[in-house]
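As structure tokens, then:
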């Protein structure tokens, strides 16, 4: 039995899982920064309408 | 009059204590970790490239296992990390429960998904190694089963944390579960000694002699160090995002938002107002 497919599969699974785990916080950071920006814009609009 | 005299009964705080105090400040932690993360990723990349080159290109095949031994360079470091991260998470959880330090609770909760990822890689790569070596992908062996229990513990901690709305209450509950789960760590470690398992005993010992050749031991140790840089970089990235999410309305967060972010459309603003 050739061992090569098992080696490839093991490293592929490792790469996919660890890459996903590393990229997930970057996606969440984008969302969090967008939410903060939205809050700032809302506050700016409220200030504009008050004045 | 000289006012810069240190009172003998009040010793000056050491640099380490001051550093730990600073880490507790969210803006300082956010800025400091932001500078550290690129270097940690760089070190991870260099060490991984070096370790994989030695293990997969230069290293020999095993006389008994053949080429499948090369799976060891991802399986063993992942398994070690799955145990180490759990121990770190439980330690941070203990500090959280006793001293209620916010940054430790964020670090503890950020550790759980990384630990779960390493446990998953350890289980999957071990299973793929088992097929050509043992003739089966899975057996309900003590080592394999206790490692699977570890995955469930990580998932339980993550699930409990996400199930409670208030993040600080959620973290305390999840930290308690993490502490209870520590009992599984010695079971995993000693399972190959306590029970007659299909999984082989430890080949590497830091106290006695290792039964593994240096040509395999070095790439393994390099990979083991590389994944620690991965953990550190990923942990800090996750902790930074959690800080942003929790401190959404605080003043310090407003200063870290890049000014060049695209403006949000009116539909999104309207949805936000509706909440």
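Protein chains in written order, with our numbering: chain A, 156 to 206; chain B, 1118 to 1392.
Beta carbons are placed, not taken as given, at the ideal position from N, Cα and C, and that holds for glycine.
- When Cβ-Cβ separations below 7 Å define contact, residue 183 (chain A) makes contact with chain B.
- Taking CB atoms only, residue 1249 (chain B) has a neighbour in chain A less than 7 Å away.
- Secondary structure of residue 1210 (chain B) (DSSP, three-state): helix.
- Secondary-structure assignment with DSSP links residue 1183 (chain B) through a beta bridge to B:1179.
- Of all residues in the segment 1130-1157 of chain B, none has a C-beta nearer than 9 Å to a C-beta of chain A.
- Against residue 159 (chain A), the close residues of chain B are 1184, in the order they occur along the chain (beta-carbon pairs closer than 8 Å).
- The Cβ atoms of residue 1312 (chain B) and residue 1259 (chain B) lie closer than 7 Å to each other.
- For the pair residue 1139 (chain B) and residue 1342 (chain B), the Cα-to-Cα distance works out to about 27 Å.
- Taking C-beta atoms as the reference points, residue 1278 (chain B) and residue 1226 (chain B) count as a pair closer than 7 Å.
- Note on geometry: alpha-carbon atoms of residue 1168 (chain B) and residue 1302 (chain B) lie some 27 Å from one another.
- Within 9 Å of the CB of residue 1361 (chain B), the CB atoms of chain A belong to 183, 184, 187, 188, 190 and 191, in sequence order along the chain.
- Taking the Cα positions, residue 1328 (chain B) is about 48 Å away from residue 1144 (chain B).
- Rounded to the nearest whole angstrom, the C-alpha separation of residue 1348 (chain B) and residue 1231 (chain B) is 7 Å.
- Per DSSP, the continuous alpha helix (DSSP H) segment holding residue 1334 (chain B) begins and ends at 1331-1363.
- CA-CA distance, residue 187 (chain A) to residue 179 (chain A), rounds to 12 Å.
- The Cβ of residue 171 (chain A) sits no closer than 7 Å to any Cβ of chain B.
- One Cα belongs to residue 166 (chain A), the other to residue 1174 (chain B), and the distance between them is close to 14 Å.
- Collapsing the DSSP output to three states places residue 1170 (chain B) in a helix.
- Not flagged as an interface residue toward chain A: residue 1266 (chain B), since no C-beta distance is shorter than 7 Å.
- Residues are counted here when their Cβ sits less than 9 Å from a Cβ of chain A; for the segment 1208-1234 of chain B these are 1227, 1230, 1231, 1233 and 1234, given in chain order.
- Within chain A, the C-beta atoms nearer than 9 Å to that of residue 1241 (chain B) come from 164, 165, 168, 169 and 172, in chain order.
- For the pair residue 1199 (chain B) and residue 1239 (chain B), the CB atoms are nearer than the 7 Å cut-off.
- For residue 1250 (chain B), the enclosing alpha helix (DSSP H) begins and ends at 1219-1251.
- Scanning B:1350, B:1356, B:1351 and B:1181 for the CA closest to the CA of residue 1251 (chain B) turns up B:1181.
- Closer than 7 Å to the CB of residue 1237 (chain B) there is at least one CB belonging to chain A.
- For residue 1138 (chain B), the enclosing alpha helix (DSSP H) covers residues 1132-1140.
- Taking a beta-carbon distance threshold of 7 Å, residue 1187 (chain B) counts as an interface residue toward chain A.
- Annotation for residue 1207 (chain B): 1295, 1296 and 1299 place their beta carbon closer than 6 Å to its own, counting only its chain and skipping 5 residues before and after.
- Taking every protein chain shown into account, the CB of residue 1257 (chain B) has fewer than 16 other CB atoms within 10 angstroms, so this residue is exposed.
- Contact annotation: residue 1308 (chain B) and residue 1244 (chain B) have beta-carbon atoms that are not nearer than 7 Å.
- Taking all protein chains shown into account, residue 1136 (chain B) has fewer than 16 neighbouring C-beta atoms within 10 Å of its C-beta and is therefore exposed.
- Closest by C-alpha distance to residue 1356 (chain B), out of B:1132, B:1134 and B:1154, is B:1154.
- Taken through DSSP and simplified to helix, strand or coil, residue 170 (chain A) comes out as helix.
- When the beta-carbon positions are compared, residue 1224 (chain B) and residue 1209 (chain B) come within less than 7 Å of each other.
- Around residue 1351 (chain B), the beta-carbon contacts reaching into chain A at under 8 Å are 176, 177 and 180.
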